[in-house]
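Here the structure comes first, spelled out in structure tokens, and everything after it is commentary.
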Amino acid sequence: MGDVFVLAEHRRGELREVTLEMLGKGRELAGQMGGSLKAVLLGHGVDAFSGELANQAHEILVVEDERLEDFNAELYQKVLVSLLTERKPTLTLIGHTAFGMDLAPSLAAELDLPLATDCIGFEFEGGRLLAIRERYGGKLQARVSFKGSEQYMATVRQAAFPIKELEPLGGQIVAVDSPLAEEARRKKFIEYVEAAVGDVDIAQSEVVVAVGRGIKEQENLEIVEKLARAMGGVLAGSRPVIDSGWLPPDRQVGQSGKTVKPKLYIAVGISGSSQHLAGMKGSDTIVAINKDPNAPIFNVATYGIVDDLFKVVPALTEQLSGG
Amino acid sequence: METVVCVKHVPETAEADIVIRGDGRGIEEKDLTFDINEADNYALEEALLWKEKFGGSITVITVGSEDANMTVRMCIAKGADRAIRLDDARFAGSDSYAIARILHAALKDVPFDVVLTGIQASDDGYGQVGPILAQMLGLPHVAYVIETEIVEEGKLARVHRELEGGLHEVVEIELPAVFTIQTGINEPRYASILGIRKATKKEIDLSGLDALGLEEDEVGEAGSKIGLEKLFFPPMGERAQILEGSPQEVSAELVGLLKDKGVV
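Just so you know, the protein sequences line up as chains A and B, in that order.
According to our numbering, the first sequence is numbered sequentially starting from 91.
According to our numbering, the second sequence is numbered sequentially starting from 332.
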């Protein structure tokens with residue numbers, strides 16, 4: 091007992107990083123729970139992945155089936171219900187991704203297991219596993235427990251745990267017969283659609299000036315645009331600005347938009363949700379302008395200005411233009 | 332086309348100071364303003380667009396106290412036809428699973444082609460209620476929906492799911508089904524003055540534990556699978572160097588610092 095299962099996530103022939111992040115953390119947790127770490131790999135023609143995973147887990151359970159070539163939550167759920175019922179791992183980790191969140195909640199409900207989503211940490215208290223997750227857009231964190239069950243599940247935030255160089259485990263690859271008897275009936279994968287390419291690639295710019303919810307109205311964007319020009323940079327935005335249609339989707343910085351790593355990133359009126367931080371925290375120098383001193387953006391920024399952006403941005407633009 | 336939209340009345344915390352309650356398991360709400368959860372507002376708009384195109388009706392449903400009337404009335408003001416509020420002191424402390432169970436009990440007598448929820452609530456951010464509800468209803472679901480097309484009413488939809496890095500996945504799904512709606516899918520409308528006036532007079536259906544035929548241990552903390560132990564402020568990482576002074580002073584200092592680094 092005490093086994094930890096990690097569901098491998100892959101897309102279009104590539105293993106996604108969250109898989110290795112979960113395996114790193116999973117190894118630690120399995121050690122603490124006195125069990126072994128098993129990677130669960132579902133797919134078609136995924137031998138290359140099983141090799142890659144072999145050193146990261148004690149065992150790699152591979153379900154090979156051509157119906158599993160592209161992600162399909164309906165089929166994944168069927169396979170995992172069978173696998174988890176039979177093998178009863180104590181903890182199952184799934185990525186908190188578009189893939190994982192189409193699957194984990196209904197899977198947990200079918201198995202009648204507790205599921206904590208978007209976890210950023212795990213702790214033990216008197217032998218009991220607790221998960222750490224955020225609330226209120228990262229302004230608070232919560233310690234949560236898994237109730238009334240010997241088995242539990244968690245979805246794990248992307249980039250919450252580092253990919254570590256660990257001692258190779260040389261795990262055994264175990265082929266598991268596919269329990270699927272038929273095609274997906276109710277839900278079918280059709281195709282992938284790439285984002286439209288615009289005239290400016292914000293990922294190529296050395297200076298990115300990004301604007302968020304704090305700008306309040308579309309008309310106000312102009313002051314930030316002026317700052318971007320004075321800085322010699324490009325104008326980008328966080329999700330709420332793109333959702334409102336004030337900037338085109340190719341200007342979005344964050345998990346569902348672009349990841350940028352400029353020399354200078356200026357966040358104007360952006361509180362800094364985890365999804366936004368994932369897209370910009372690799373920038374060399376980060377400046378945050380926000381009137382809320384508790385905004386999570388100040389935890390990743392190099393320099394912070396806690397004040398009204400409508401006063402600071404014009405002053406900063408003038409300072410740059412004047413010289 | 333019959334649509335059910337599940338909505339949540341949530342505190343606006345993006346720019347507010349948050350104070351943790353004495354027992355560590357909630358926040359002080361008295362100084363906060365509340366509104367419809369942002370993603371739920373996009374879900375409502377998607378339902379309104381379908382209603383304009385296909386006809387039919389929209390039922391808005393919420394689990395919440397009397398304060399949540401404000402949110403469901405605003406949905407009616409925008410064009411929803413009916414509102415159901417599920418409220419009972421024994422619902423307090425319900426996790427996503429227990430909330431889904433309450434909604435499931437209430438949907439027994441409501442006809443629908445599609446149930447919509449926002450992809451997650453801005454307060455606790457679990458993102459689970461929609462898919463758990465689908466599982467309880469025995470229906471398929473699609474999470475993270477960013478575009479919808481009803482191919483054949485009551486039978487088939489083709490939807491785009493938002494994946495990471497600007498990639499979309501196109502999925503075909505049989506109806507009835509549950510979709511969880513991502514923000515930015517449409518442009519939510521504002522309510523008209525006339526709509527708001529009509530909504531104030533509208534009766535809101537109210538049900539509690541007994542009317543829903545649920546047992547006390549199926550809801551609240553007893554019926555939950557995840558327990559909230561304690562809330563706390565995030566550990567301070569390496570915080571930014573905060574520049575102090577007037578806007579002119581901080582601007583001059585910042586430009587100096589950036590010049591020293593050679594980034595401007």
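Just so you know, even glycine gets a beta-carbon here, dropped at the ideal spot from N, CA and C.
Small disclaimer: the values here were computed from a predicted structure and weren't measured.
Beta-carbon proximity list for residue i, same chain, < 6 Å, skipping 5 on both sides
i        : result
A:Tyr355 : Val298, Met370, Ser373, Ile376
A:Gly92  : Met123, Gly124, Gly125, Thr180
A:Glu224 : Gln231
B:Leu417 : Val394, Ile433, Ala437, Ser538
A:Phe400 : none
Proximity of residue i and residue j at Cβ, strictly below 8 Å
i        : j        : result
A:Arg329 : A:Gln342 : yes
B:Asp444 : B:Gly485 : yes
B:Gly435 : B:Met467 : Correcting the residue identity first, residue 435 of chain B is His in this sequence and not Gly. Yes, the Cβ-Cβ distance between B:His435 and B:Met467 is below 8 Å.
A:Lys128 : A:Ala147 : yes
A:Gly359 : A:Arg276 : no
B:Asn368 : B:Ala437 : no
B:Ile450 : B:Ala378 : no
A:Ala163 : A:Asp202 : no
B:Thr448 : B:Thr390 : no
A:Val350 : A:Ala286 : no
B:Gly497 : A:Pro269 : no
A:Asn145 : A:Gly260 : yes
A:Phe279 : A:Asp160 : yes
A:Ala198 : A:Ala221 : no
A:Val169 : A:Glu200 : no
A:Leu113 : A:Phe212 : no
B:Ala414 : B:Cys406 : yes
B:Val460 : A:Lys353 : no
A:Glu312 : A:Leu325 : no
B:Leu363 : B:Glu376 : no
A:Val402 : A:Gly362 : no
A:Ser364 : A:Gly228 : yes
A:Ile210 : A:Glu107 : no
Residues that DSSP places opposite residue i in a beta bridge
i        : result
A:Arg157 : None; A:Arg157 has no bridge partner.
A:Thr375 : A:Leu354
A:Arg247 : DSSP output for A:Arg247 lists no bridge partner at all.
B:Pro519 : Partner(s): none; B:Pro519 has no beta bridge.
A:Leu219 : A:Phe214
B:Pro342 : B:Phe365
B:Thr511 : B:Thr448
B:Ala349 : It should be noted that the sequence gives Ile, not Ala, for residue 349 of chain B. Paired residues: none, contrary to the question.
A:Glu176 : None; A:Glu176 has no bridge partner.
A:Phe139 : Looking at the DSSP assignment, A:Phe139 forms no beta bridge with any residue, so it has no partner.
A:Tyr282 : B:Glu500
A:Gln231 : A:Glu224, B:Phe563
Terminal residues of the beta strand (DSSP E) in which residue i lies
i        : result
B:Ser538 : 536 to 538
A:Tyr422 : The structure shown does not extend to residue 422 of chain A, since chain A is modelled only from 91 through 413, so no value can be given for it.
B:Glu505 : 499 to 505
A:Lys128 : 127 to 133
A:Val94  : 94 to 97
A:Asp366 : Reading the sequence as shown, one finds His at residue 366 of chain A and not Asp. Segment 364 to 368 is the alpha helix (DSSP H) holding A:His366; no beta strand (DSSP E) there.
A:Gln262 : 262 to 266
B:Gly357 : Per DSSP, B:Gly357 belongs to no beta strand (DSSP E) and is neither H nor E.
A:Leu324 : The question names Leu, but residue 324 of chain A in the sequence shown is Val. Taken as a continuous stretch (DSSP letters only), the beta strand (DSSP E) holding A:Val324 covers 324 to 327.
Same chain, Cβ closer than 7 Å to residue i, five either side skipped, listed in chain order
i        : result
B:Val502 : Val473, Val490, Arg492
B:Tyr428 : Ile463, Ser555, Lys556
B:Ala345 : none
B:Ile349 : Ile358
Boundaries (first-last residue) of the alpha helix (DSSP H) holding residue i
i        : result
A:Pro195 : 190 to 201
B:Phe385 : 369 to 385
B:Thr402 : 400 to 409
B:Thr531 : 524 to 532
B:Val388 : The question names Val, but residue 388 of chain B is Ser in the sequence shown. Not the alpha helix (DSSP H): B:Ser388 falls in the beta strand (DSSP E), residues 388 to 394.
A:Ala318 : 311 to 321
B:His435 : 427 to 438
B:Ala465 : 460 to 468
A:Ser411 : 399 to 412
A:Thr109 : 107 to 123
B:Leu589 : 578 to 592
8 Å Cβ shell around residue i - same chain, five flanking residues per side excluded
i        : result
A:Gly327 : Ala300, Val301, Gly302, Trp336, Leu337, Arg341, Gln342, Val343
A:Leu139 : Note that residue 139 of chain A is Phe in the sequence shown here, rather than Leu. Cβ within range, chain order: Ala98, His100, Leu105, Leu131, Gly133.
Touching or not, the stretch 182 to 200 of chain A and the stretch 231 to 249 of chain A, by the rule of three or more beta carbon pairs under 8 Å?
-> yes
Practice task
Specify whether the stretch 355 to 363 of chain B and the stretch 398 to 412 of chain A touch according to this definition: at least 3 beta carbon pairs, one from each stretch, less than 8 Å apart.
Solution key: no
| query | Between the stretch 336 to 343 of chain B and the stretch 476 to 496 of chain B, are three or more C-beta pairs nearer than 8 Å? | reply | no
Do three or more CB pairs link the stretch 206 to 217 of chain A to the stretch 132 to 149 of chain A at distances below 8 Å?
The stretch 206 to 217 of chain A, when compared against the stretch 132 to 149 of chain A, does not touch it at the 8 Å Cβ threshold.
- the stretch 437 to 458 of chain B: positions lying closer than 9 Å to chain D by Cβ: The structure shown contains no chain D; its protein chains are A and B.
Validate contact between the stretch 384 to 391 of chain B and the stretch 512 to 526 of chain B using beta carbons, cut 8 Å, 3 pairs: No, the stretch 384 to 391 of chain B is not in contact with the stretch 512 to 526 of chain B.
Count the C-beta pairs between the stretch 572 to 586 of chain B and the stretch 385 to 396 of chain A that are closer than 8 Å, then say yes if the count reaches three, no if not. yes
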